[in-house]
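Only one structure is covered here, and it is reproduced in the block below.
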Amino acid sequence: MIEAADLAFSSRTFLRLVESVGLTGSWGWTFATDEQIWSPGLYRLLGLEPGSVAPSYALLHDLVHPEDRPVLETARQIRQGGTPGHHVARIVRPDGTERVLSLRGEQFVAPDGRPRGAAGTLLDVTESDRLAVVRRAEARRRRALFESTGTWFTAQSFEPAERVRFRPSPELVELTGRPREDLSEDIARAMVTSERRHWHATFGPLIAAGRPFVVTPSIVLAGGGERRLRARYVPVQHPGRAHEWLIVNAPAEAEPGLPPDAVPGALRRGLEQAVAGCHLRAARALIGWSMTDLAKASGISFSTVRRLEENAETAFDRSRHAAVSALRQAGIRFALLDDGSVAVGRA
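The sequence shown begins at 28 in the working numbering and counts up by one.
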């Protein structure tokens with residue numbers, strides 16, 4: 028039996044454990060003695076070897092990007108009792124690289140209210156900051172696509188298929204003017220009354236079939252009038268969990284194609300999962316490729332190409348994606364038709 032005492036370890040050990048990930052560091056400053064300490068993790072965050080320089084809040088402040096320094100408390104402000112706030116700022120390491128850090132601090136005071144010291148922690152949030160930048164750029168790109176063409180993408184998970192519930196997209200809410208909760212309860216409320224019964228009767232079976240399909244509902248616009256949409260539903264298979272459905276919504280009269288850079292990668296993968304052996308053979312025939320040619324161009328083996336064209340269950344999706352990618356680069360175009368079938372053509 029393991030005793031609790033056997034699991035005890037010091038706060039210093041715990042700090043080493045946390046900082047071993049390489050994403051956090053801490054500092055402390057005792058005003059009476061002017062002693063300052065940096066944890067090894069803080070040195071590494073700042074791009075310095077532990078112990079290579081004397082710990083100094085002033086140095087930490089100087090390493091902050093010049094554009095971000097105004098938001099950070101100075102050493103004088105900290106020493107005079109200013110409480111270190113919560114900030115997100117860039118630091119510039121000695122080698123010129125930048126990291127984005129989240130800084131938090133605390134002030135310690137004597138019983139008479141005089142400042143005794145301060146301490147703080149820093150957390151590297153560079154990757155999450157970059158991800159946020161990418162997401163904002165993607166949101167702007169999708170908004171521009173919606174405003175210019177009326178096209179938008181959405182993702183849905185329908186489980187179980189017998190009780191299909193939607194997460195209404197912001198674009199659909201904007202177009203129809205209906206409350207999000209209203210559309211979540213029944214997406215058919217966005218449609219013209221005459222089409223709702225048909226939708227309720229056919230949509231569930233289409234989802235249950237698990238294959239790509241196209242529907243063309245007419246929705247009632249917030250400002251009056253109607254708009255017929257062409258919505259392409261593509262299942263994306265994820266091993267060990269439920270399918271995710273990616274949906275491309277566009278005005279029915281719009282061109283069926285989309286700019287290649289406007290199609291999300293997950294949607295492209297879902298469409299490629301619908302490409303069967305007959306489509307690969309047809310594509311090869313259009314450009315005069317043999318199975319050996321396809322294997323060489325896609326970087327997969329001849330036997331893998333054969334399994335793909337025979338629709339063998341042992342063929343991996345990544346091999347299918349490699350084959351389809353090679354055919355696309357050779358000028359082949361795969362398109363999802365309104366009846367849910369896949370067409371093969373040459374660009």
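No residue lacks a Cβ here, since even glycine has one placed at the ideal position from N, Cα and C.
Contact defined as beta carbons within less than 8 Å: I believe residue i pairs with residue j. What is the distance between those atoms, to the nearest angstrom?
i       : j       : result
Gly-147 : Pro-111 : 5 Å
Val-200 : Leu-210 : 7 Å
Ile-359 : Arg-345 : Actually they are not in contact, since the Cβ atoms of Ile-359 and Arg-345 sit about 19 Å apart, beyond 8 Å.
Arg-120 : Leu-87  : Contact flag wrong, Cβ pair sits at about 12 Å.
Ile-246 : Ala-217 : 5 Å
Val-98  : Ala-116 : 7 Å
Gly-52  : Leu-69  : 3 Å
Ser-325 : Ser-352 : 7 Å
Leu-321 : Ala-350 : 6 Å
Glu-337 : Gly-304 : 6 Å
Tell me the DSSP secondary structure of residue i in three-state form.
i       : result
Glu-253 : strand
Ser-53  : strand
Phe-58  : coil
Ile-327 : coil
Thr-181 : strand
Arg-373 : strand
Thr-319 : helix
Gly-231 : helix
Ser-245 : strand
Asp-366 : coil
Val-263 : strand
Leu-150 : strand
Ala-279 : coil
Leu-335 : helix
Thr-220 : helix
Glu-271 : strand
Starting from residue i, trace the alpha helix (DSSP H) both ways and give me its first and last residue.
i       : result
Ser-175 : 153–176
Glu-201 : 197–203
Ser-346 : 344–356
Asp-209 : 207–212
Gly-68  : 67–72
Leu-307 : 304–314
Can you say whether residue i is buried or exposed, counting buried as having 16 or more other CB atoms within 10 angstroms of its CB?
i       : result
Asp-61  : exposed
Ile-214 : buried
Asp-122 : exposed
Gly-237 : exposed
Gln-63  : buried
Asn-276 : buried
Arg-255 : exposed
Val-80  : exposed
Thr-331 : buried
Leu-145 : Correcting the residue identity first, residue 145 is Ala in this sequence and not Leu. Under this definition Ala-145 is a buried residue.
If you follow the beta strand (DSSP E) that residue i is in, where does it begin and where does it stop?
i       : result
Gly-132 : 125–136
Ile-359 : 359–363
Length-filtered (4 minimum) alpha helix (DSSP H) runs lying within the region 83–119: 84–90 and 102–106
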